[in-house]
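Here is the structure we will look at, set down as structure tokens.
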Amino acid sequence: MLENAKVDVIIPSWENNRMLEIAENSIKQNTTVDINFFKQDNSFNKGWMGFCNEGIKASLETDSKYVLLSNDDIVVSPTSDWARTMICIMDKYPTIGSIGPLSNMAMGWAGIDQLRTKDVEFTRVPYISHFFVFLRKDTIRKVGLLDTTLSGGDDLDYCFRLDQSDYMIAVTPKVFVWHHYAQTGKKMYSQWDTEEYTRKIAKGLIDKHGFKKYIYGMTGFHTGDKTWS
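Every letter in the sequence shown is one number past the one before it in the working numbering, and letter 174, counting from 1, is 260.
Rendered as structure tokens:
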């Protein structure tokens, strides 16, 4: 039941203590749901996917039902109880595999410019960036951990895998998260956002899922818009 809901929050960070503290406080202060944090040890760099997987494995041993993967450079808007909102939507629509918020800076389909209307619970989208992504543990048990063999694009890969397992990917306009963007990523990956690195990520995803699936995820071609109110 919602009254007893708990969320495990996994936040990789790398030499970014001030932003991590701000992110953690905003996550904790803007929900009435019980939160348990798994934070990165700054003494060494395991990478985003590596630490997320370690956090997920530890989380699977706890009694919480939900997991949030979050970047350390975010601030949750105080206008809504983010966890309660996302839990209510996921409990109402069990075929949702992952859900994210609207944001000022989000690759994919969660940006403010993608907003059609605030008068819906969520919009189904091809993929969401994992700067702030909410999942059920049961879904993770079925779909698996993040693929650490990829150079990047783990969020797009995971959305493809959710889709292959007949789950929906959703964005809710009821939650807004400010994202500074890539504050830790730039430190962890020296080639961050270069053309060479982007091509390497794209090749890995195309080799794994095929070109048509990659284009679907990047462009939403043939998907259309569907909202639930």
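Each residue gets a CB set at the ideal place from its N, CA and C atoms; glycine is no exception.
Taking the beta strand (DSSP E) that residue i belongs to, which residues open and close that run?
i	result
L155	Y152 to S156
G186	I182 to S189
For residue i, which residues of its own chain have a beta-carbon under 7 Å away from its beta-carbon, when the five flanking residues on both sides are left out?
i	result
A169	V93, T117 and V119
A144	F124
T148	D94 and N122
By how many angstroms is the C-alpha of residue j removed from the C-alpha of residue i?
i	j	result
K286	E140	25 Å
C245	G238	13 Å
L231	A109	24 Å
K114	P164	11 Å
T280	Y302	23 Å
Y179	A288	31 Å
K228	Y253	11 Å
K151	K294	30 Å
T313	I255	With a pLDDT of 47 at T313, under the threshold of 50, the predicted position of this residue should be treated as unreliable, though the coordinate-derived value follows. Taking the straight line from one Cα to the other gives about 12 Å.
With a CB to CB cut of under 6 Å and the five nearest residues on each side skipped, what residues in its chain are close to residue i?
i	result
M219	According to the sequence provided, residue 219 is Val. The question's Met does not apply to it. Only L155, S184 and G186 meet the Cβ criterion.
D241	S215 and H216
I292	Y300
N157	F217
V162	S112, I113, N116, W168 and V263
Between which residues of its own chain and residue i is the CB-CB distance below 8 Å, once the five residues before and five after are set aside?
i	result
G136	T234
Any beta carbon of chain D sitting closer than 9 Å to that of residue i?
i	result
C245	Of the chains in the structure shown, none is chain D; there is only one protein chain.
Output the boundary residues of the alpha helix (DSSP H) element that contains residue i.
i	result
T171	W168 to K178
Can you find a heavy atom of the ligand ATP that lies under 8 Å from the Cβ of residue i?
i	result
M254	Of the ligands one can find in the structure shown there are none, so the ligand ATP has no counterpart to examine.
**Prompt:** Enumerated in chain order, which unbroken segments of the alpha helix (DSSP H) with a length of 4 residues or greater are wholly contained in the region 101-140?
**Reply:** You should have 103-115.
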